[in-house]
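Q: Just so we're aligned: the sequence shown equals residues 140 to 423 in this note's numbering.
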Amino acid sequence: MALLEIKNLTVEFDTAAGKLRAVDGVSLSVDKGEVLAIVGESGSGKSVSMLAVMGLLPWTATVTADYIRFEGRDILNISPAERRRIIGNDISMIFQEPIASLNPCFTVGFQIEETLRRHTNLDRAARRRRMVELMQAVGIPEPEERLRSFPHQMSGGQCQRVMIAIALACNPKLLIADEPTTALDVTIQKQILDLLLRLQTETGMGMILITHDMGVVAETADRVVVQYKGRKMEEADVLSLFEAPKHPYTKALLSALPENAVGDRLPTVTDFALEEAPYTGGQP
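1) When the Cα of Leu393 is compared with those of Lys368, Val355 and Asp205, which residue comes out closest?
2) Report yes if the C-beta distance between Ile145 and Ala200 is below 8 Å; otherwise report no.
3) Does the structure place the stretch 303-312 close enough to the stretch 247-254 that three or more beta carbon pairs sit under 8 Å?
4) Under 8 Å by Cβ, that's how I've got Leu332 and Thr320 pegged, so tell me the actual separation to the nearest angstrom.
5) Between which two residues does the alpha helix (DSSP H) holding Gln250 run?
6) From Thr359, Leu148, Gly211 and Gly296, pick the residue whose C-alpha is nearest to that of Val377; which is it?
7) Between which residues of its own chain and Gln422 is the CB-CB distance below 6 Å, once the five residues before and five after are set aside?
8) Of all the beta strand (DSSP E) runs that stay within the bounds of the stretch 308-340, which reach a length of 3 or more residues?
9) Output needed for Gly179: all residues of its chain with C-beta closer than 7 Å, excluding positions within five of it in sequence on either side, in chain order.
10) When you compare only the Cα positions, how much space is there between Gly295 and Leu314?
11) Reducing DSSP to helix, strand and coil, say where Lys146 ends up.
12) Could you check the C-alpha separation between Leu171 and Leu142 for me, to the nearest Å?
13) With respect to the alpha helix (DSSP H) encompassing Ile225, which residues constitute its N-terminal and C-terminal limits?
14) How many Å lie between Gln328 and Arg256 at the Cα?
15) What would DSSP say about Phe209, mapped onto helix, strand or coil?
16) In three-state terms, what does DSSP make of Leu378?
17) Can the beta-carbon of Leu148 be found less than 8 Å from the beta-carbon of Val162?
18) Using a 10 Å radius around the Cβ and a threshold of 16 neighbouring Cβ atoms, would you call Arg337 buried or exposed?
19) What residues match up with Glu151 in a beta bridge as DSSP calls it?
20) Where DSSP assigns a beta bridge to Glu373, which residues make up the other side?
21) For the alpha helix (DSSP H) that Ile238 lies in, which residues bound it at each end?
22) Just to confirm my understanding: we take Lys312, look at its own chain, exclude 5 residues before and 5 after, and list those with CB closer than 6 Å. What are they?
23) By Cβ distance, which residues of its chain are closer than 6 Å to Phe433, with the 5 residues on each side in sequence left out?
24) Here's the rule: buried if 16 or more other CB atoms are within 10 angstroms of the residue's CB, otherwise exposed. What is Ser181?
25) Per DSSP, which one or two residues make a beta bridge with Leu195?
As structure tokens, then:
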């Protein structure tokens, strides 16, 4: 049984111009201990798909699916109270832009402890020990002192590590990492990715990695789902995808890697016939 299984997910937003379909019939699954990458350009519905799983879309969104099963249970059709017990506990998410995701009015210690208060029965002393342990696990020096810091007093890389600590506070079974290295320099990007993979290996949790970076996909993922304009274009294990991509859009993404430049020009997605190209891999 898959850890998370989504069948025919559709997300529509009410806009002044009418209904906007951001996700169109996406199906995917991830197993325990597996890293699934969802890749595609900005606006392809990657983040919206996972925010739908988390129940974090605004009221203007309409979410439908045959099912969204976590450990065999359809979380789309459970009560809000039951869903809150799962989200943040068994399923956690690292959001884009850590500075924007952390509350500037509270210390990072308060924000880590908030998750522990909500989802565990630990007393205050035990929560404190767990917070220090988490800060050490994500590589933040002087953890006791840093727990008293506000987000603006920390670097972007440190704030991203705090976000990871919050996400891992309750030992989730599934971690969703939404562009976890956005806006970080290359050195910090590698540190964050290495940290996530180490923690994922140590805990055995499943991980969904949302990215537009095919280099990150090659280094981290077991399987890949390629999305374009809200639809799944292709699904394959990472080796097959890079060696023999089947869909024109996947070929376009791979051709746009810097090493594939011809002269001073990289191919773009407009160089490929995409609009009528059918889904070609995995289970639709």
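By construction, the Cβ of each residue, glycine as well, lies at the ideal position given by its N, Cα and C atoms.
A: On the basis of the coordinates in this document:
1) Along the sequence shown, one-based indexing puts residue 393 at 254. Of Lys368, Val355 and Asp205, the residue nearest in Cα terms is Val355.
2) As a first step, residue 145 is located in the sequence shown; it is residue number 6 there, counting from the start. As a first step, residue 200 is located in the sequence shown; it is residue number 61 there, counting from the start. Not in contact: Ile145 and Ala200 (Cβ atoms no closer than 8 Å).
3) yes
4) The count along the sequence shown starts at 1 and reaches residue 332 at position 193. The count along the sequence shown starts at 1 and reaches residue 320 at position 181. The pair is a contact, with the Cβ atoms about 6 Å apart (cut-off 8 Å).
5) Taking the first residue of the sequence shown as 1, we reach residue 250 at position 111. Counting along the chain, the alpha helix (DSSP H) containing Gln250 begins and ends at Val247 to His258.
6) Numbered from its first residue, the sequence shown carries residue 377 at position 238. For Val377, the nearest C-alpha among the options comes from Thr359.
7) Locating residue 422 in the sequence shown gives position 283, counting from the first residue. Per-residue confidence for Gln422 stands at a pLDDT of 42, beneath the threshold of 50, marking its modelled position as unreliable; no derived number is given.
8) 313-317
9) Taking the sequence shown and counting its residues from 1, one reaches residue 179 at position 40. Around Gly179: Lys185, His351, Val365, Gln366 and Tyr367.
10) Here residue 295 is taken as the residue at index 156 of the sequence shown, counted from 1. Here residue 314 is taken as the residue at index 175 of the sequence shown, counted from 1. Taking the straight line from one Cα to the other gives about 20 Å.
11) Within the sequence shown, residue 146 is the residue found at index 7, counting from 1. Note: Lys146 maps to strand in three-state DSSP.
12) The sequence position of residue 171 within the sequence shown is 32, counting from 1. The sequence position of residue 142 within the sequence shown is 3, counting from 1. Contrary to the premise, residue 171 reads as Lys rather than Leu in this sequence. Distance between the alpha carbons of Lys171 and Leu142: 6 Å.
13) Residue mapping note: residue 225 aligns to position 86 of the sequence shown, counting from 1. From DSSP, the alpha helix (DSSP H) with Ile225 extends over Pro219 to Ile225.
14) As a first step, residue 328 is located in the sequence shown; it is residue number 189 there, counting from the start. As a first step, residue 256 is located in the sequence shown; it is residue number 117 there, counting from the start. Straight-line Cα distance between these residues: approximately 30 Å.
15) Position 70 of the sequence shown holds residue 209. Phe209 falls in the strand class under three-state DSSP.
16) Here residue 378 refers to the residue found at position 239 when the sequence shown is read from its first residue. Helix, per DSSP.
17) Here the question's residue 148 lines up with position 9 in the sequence shown. Here the question's residue 162 lines up with position 23 in the sequence shown. A contact, by the Cβ cut-off of 8 Å.
18) Translated into the one-based positions of the sequence shown, residue 337 becomes position 198. That one is exposed.
19) On the sequence shown, position 12 is the one that residue 151 refers to. Arg160 and Thr201, per the DSSP bridge assignment.
20) Here residue 373 is taken as the residue at index 234 of the sequence shown, counted from 1. Val365.
21) Translated into the one-based positions of the sequence shown, residue 238 becomes position 99. Where Ile238 is concerned, the enclosing alpha helix (DSSP H) stretches over Pro237 to Ser240.
22) Numbered from its first residue, the sequence shown carries residue 312 at position 173. Here the set comprises Asp229 and Met344.
23) Since the first and last residues shown for the chain are 140 and 423, residue 433 lies out of range.
24) Here residue 181 is taken as the residue at index 42 of the sequence shown, counted from 1. Looking at its Cβ environment, which holds fewer than 16 other Cβ atoms inside 10 Å, Ser181 is exposed.
25) Here residue 195 is taken as the residue at index 56 of the sequence shown, counted from 1. In the DSSP output, where bridge partners are listed per residue, Leu195 has none listed.
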